[in-house]
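Peer 1: The structure follows.
There are 2 protein chains.
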Amino acid sequence: MVINLINYSKFQKNIINYDNRGMTLENDLNITNSFYLDKDIAIVYKKPTPVKVVKQISGKITNAYFESPSTTDYNGIYKGYYIDFEAKETTSKTSFPIKNIHSHQIDHMRKVINHGGICFIIIRFTKQNETYLLFAKDFFSFINDNKRKSLPYLFFKEKAYLIKEKLAPRIDYINIIENFGGIK
Amino acid sequence: MVINLINYSKFQKNIINYDNRGMTLENDLNITNSFYLDKDIAIVYKKPTPVKVVKQISGKITNAYFESPSTTDYNGIYKGYYIDFEAKETTSKTSFPIKNIHSHQIDHMRKVINHGGICFIIIRFTKQNETYLLFAKDFFSFINDNKRKSLPYLFFKEKAYLIKEKLAPRIDYINIIENFGGIK
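Going down the list, the sequences are from chains A and B. Per this note's numbering, residue 1 is the first one in the first sequence, and the count goes up by one each step. Per this note's numbering, residue 1 is the first one in the second sequence, and the count goes up by one each step.
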């Protein structure tokens, strides 16, 4: 009976995984980017988190810590266009706190737009299980016009693009870019 | 007298630094990319080396090791163009061993070209103290036509672009791209 219970629990765990509950946005984006790469649609990678190595003994790092990144986490190329984005989850039902994006990341996004790149943020509201793509220009319009410290959920409903989850590609953000990203 | 000697040694060290002897190509490129960023010429970063974390105790990494990167080390945007490159030094006077660029990095470069990116390698012959930019298309022409395991120094003289070192930007690769990179 114990064995059966263990097996059932394993089985349940698998169901949950396939069903995507509990999958992080980062995981979903990694799978999506692998799909784009395999199908030769786009070349996008997550940048490794920078690590400050304090001590290293013959190849093995024994003392180190994560540093905060100076740019967004993802960049790459689609149809010759430079694309660049940040991805974040929030457990809030009503808004996305802007402080979740570092000020140097915001500076970076501003520069990318000025240099003609396609720049956006992907935000997942985990409670609603909804993932939105918000173009950086709309993000900047908001923070220029508002003193609020968070982007309301309703703002996403109005200005961002809901990315419906599919089997493959799971989070098809390239489809949004193709249709609304100013691709010629 | 001892104090004077110490001061002189410090002074000498500074001279050597300004003079660029002993500066690695990576250092030079970091300084160059900072210059481009400050002057709003291009946005290019070196990707952090990926680190596989085995053990972490309350934020401190106590067991980890460096992983080999799946892409080139540098990418970014210039005038709306996606740019992507790898940078390597060699102590050989006569050739650059191709095995210094991983096969998955070569695959990545091939994809970048196919997607319309500007892709190249920057190679420094440390003995000659010469730094060359070789466009990926010329690199691929060579490896398609040859069975050699290294790119001869004379090939660089013929097909690559010598980047003369300056005070700022130190390694002005953007100048080569502007003139020979197919920028419209």
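Note that the Cβ used here is the ideal one computed from N, Cα and C, for glycine as well.
Name, in chain order, the residues that DSSP records as bridge partners for arginine 124 of chain A.
Peer 2: DSSP output for arginine 124 of chain A lists A:Glu89, A:Thr131 as bridge partner(s).
Peer 1: Lysine 64 of chain A lies in the alpha helix (DSSP H); which residues open and close that run?
Peer 2: Inspection of the sequence shows that residue 64 of chain A is occupied by alanine rather than by lysine. Counting along the chain, alanine 64 of chain A falls outside any alpha helix (DSSP H), though it belongs to the beta strand (DSSP E) covering 60-66.
Peer 1: Taking 7 Å as the limit between beta carbons, can you name the residues of its chain near leucine 133 of chain A, skipping five residues before and five after?
Peer 2: Within the same chain, leucine 133 of chain A has close Cβ partners Phe120, Ile122, Ala160, Tyr161, Ile163, Tyr173, Ile176.
Peer 1: Alpha carbons only, please: which of A:Ser141, A:Gly181, A:Gln128, A:Ala168 is nearest the one belonging to phenylalanine 35 of chain A?
Peer 2: Among A:Ser141, A:Gly181, A:Gln128, A:Ala168, the Cα nearest to that of phenylalanine 35 of chain A belongs to A:Ala168.
Peer 1: I'd like the span of the alpha helix (DSSP H) that includes leucine 25 of chain B, first residue to last.
Peer 2: Where leucine 25 of chain B is concerned, the enclosing alpha helix (DSSP H) stretches over 25-38.
Peer 1: For arginine 170 of chain B, does the three-state DSSP call read helix, strand or coil?
Peer 2: Arginine 170 of chain B: coil per DSSP, three-state reduction.
Peer 1: Would you kindly report the start and end of the unbroken alpha helix (DSSP H) that includes lysine 75 of chain A?
Peer 2: Residue 75 of chain A is actually asparagine in this sequence, not lysine. Segment 74-78 is the beta strand (DSSP E) holding asparagine 75 of chain A; no alpha helix (DSSP H) there.
Peer 1: Ends of the alpha helix (DSSP H) at isoleucine 43 of chain B?
Peer 2: Counting along the chain, isoleucine 43 of chain B falls outside any alpha helix (DSSP H), though it belongs to the beta strand (DSSP E) covering 43-46.
Peer 1: Please report how far the alpha carbon of isoleucine 83 of chain B lies from the alpha carbon of isoleucine 113 of chain A, in whole angstroms.
Peer 2: Near 16 Å, if we compare the C-alpha coordinates of isoleucine 113 of chain A and isoleucine 83 of chain B.
Peer 1: Assign serine 103 of chain A to one of three DSSP states: helix, strand, or coil.
Peer 2: Three-state DSSP puts serine 103 of chain A in a helix.
Peer 1: So what does DSSP say about glutamate 165 of chain B, is it helix, strand or coil?
Peer 2: Glutamate 165 of chain B falls in the coil class under three-state DSSP.
Peer 1: Thinking just about the alpha-carbon of each residue, which of B:Ser70, B:Thr62, B:Ala87, B:Val51 is nearest to the one in isoleucine 171 of chain B?
Peer 2: Nearest option by C-alpha distance: B:Ala87.
Peer 1: Does histidine 115 of chain B come within less than 8 Å of chain A when only Cβ atoms are used?
Peer 2: By this cut-off, histidine 115 of chain B is an interface position.
Peer 1: Please confirm if proline 169 of chain B has its CB atom under 8 Å from at least one CB of chain A.
Peer 2: Not an interface residue.
Peer 1: Going by C-alpha to C-alpha distance, which of B:Arg110, B:Asn179, B:Pro152, B:Lys147 sits closest to isoleucine 42 of chain A?
Peer 2: In the sequence under discussion, the amino acid at residue 42 of chain A is alanine, which differs from the isoleucine named in the question. Among B:Arg110, B:Asn179, B:Pro152, B:Lys147, the Cα nearest to that of alanine 42 of chain A belongs to B:Arg110.
Peer 1: Would you list the residues sitting across from leucine 151 of chain A in a DSSP beta bridge?
Peer 2: Leucine 151 of chain A pairs with A:Phe96.
Peer 1: Please list, in chain order, the chain B residues whose beta carbon lies closer than 8 Å to that of glycine 80 of chain A.
Peer 2: Ordered by position in chain B, the residues that pass the 8 Å Cβ test against glycine 80 of chain A are Tyr81, Tyr82, His115, Gly116, Gly117.
Peer 1: Taking a contact to mean a Cβ-Cβ separation below 8 Å, would you say asparagine 33 of chain A touches valine 44 of chain A in this structure?
Peer 2: Cβ atoms of asparagine 33 of chain A and valine 44 of chain A: closer than 8 Å.
Peer 1: Going by DSSP in three states, isoleucine 57 of chain A sits in which element: helix, strand or coil?
Peer 2: In the structure shown, isoleucine 57 of chain A sits in a strand (DSSP, three-state: E or B).
Peer 1: I'd like the span of the alpha helix (DSSP H) that includes serine 141 of chain B, first residue to last.
Peer 2: Element bounds for serine 141 of chain B: 136-145.
Peer 1: Quick check: what's the CA-CA separation for leucine 151 of chain A versus tyrosine 81 of chain B?
Peer 2: One C-alpha to the other measures close to 31 Å.
Peer 1: Tell me whether lysine 184 of chain A sits in a helix, a strand or coil according to DSSP, three-state version.
Peer 2: Note: lysine 184 of chain A maps to coil in three-state DSSP.
Peer 1: How about asparagine 33 of chain A: is its C-beta nearer than 8 Å to some C-beta of chain B?
Peer 2: No - not a single Cβ of chain B is within 8 Å of the one on asparagine 33 of chain A.
Peer 1: Could you work out which residues of chain B lie near asparagine 63 of chain A, taking near to mean beta carbons separated by less than 8 Å?
Peer 2: Neighbours of asparagine 63 of chain A on chain B, chain order: Lys60, Ile61, Thr62.
Peer 1: Given asparagine 144 of chain A, which residues of its chain have a CB within under 7 Å of its CB, disregarding the five upstream and five downstream residues?
Peer 2: Closer than 7 Å at the Cβ level, and outside the excluded window around asparagine 144 of chain A, lies no residue.
Peer 1: Could you tell me which residues DSSP pairs with valine 51 of chain B in its beta bridges?
Peer 2: DSSP lists B:Phe66 as partners of valine 51 of chain B.
Peer 1: Out of curiosity, what's the CA-to-CA distance linking lysine 149 of chain B and proline 97 of chain B?
Peer 2: Computed Cα separation, rounded: 6 Å.
Peer 1: DSSP beta-bridge partners for isoleucine 118 of chain B?
Peer 2: Answer is B:Ile83, bridged to isoleucine 118 of chain B.
Peer 1: So the candidates are B:His115, B:Arg124, B:Tyr78; which of them puts its Cα closest to the Cα of isoleucine 183 of chain B?
Peer 2: Cα-wise, what sits closest to isoleucine 183 of chain B is B:Tyr78.
Peer 1: Residues in its own chain within less than 8 Å of lysine 55 of chain A by CB, not counting five upstream and five downstream?
Peer 2: Closer than 8 Å at the Cβ level, and outside the excluded window around lysine 55 of chain A, lie Ile61, Thr62, Asn63, Ala64.
Peer 1: Do threonine 71 of chain B and lysine 46 of chain B count as a contact pair if the criterion is CB distance below 8 Å?
Peer 2: Not closer than 8 Å, so no.
Peer 1: Does the distance from the C-beta atom of phenylalanine 155 of chain A to that of phenylalanine 142 of chain A stay below 8 Å?
Peer 2: Closer than 8 Å, so yes.
Peer 1: Residues in its own chain within less than 6 Å of arginine 124 of chain A by CB, not counting five upstream and five downstream?
Peer 2: If we look at arginine 124 of chain A and ignore the five residues flanking it on each side, its Cβ neighbours are Leu25, Glu89, Thr131.
Peer 1: How big is the Cα-Cα spacing for leucine 37 of chain A and methionine 23 of chain A?
Peer 2: Their Cα atoms are separated by approximately 21 Å.
Peer 1: Just confirm the distance between the C-beta atoms of threonine 91 of chain B and threonine 126 of chain B, as a whole number of angstroms; I'd bet it's less than 8 Å.
Peer 2: 5 Å between Cβ atoms; contact.
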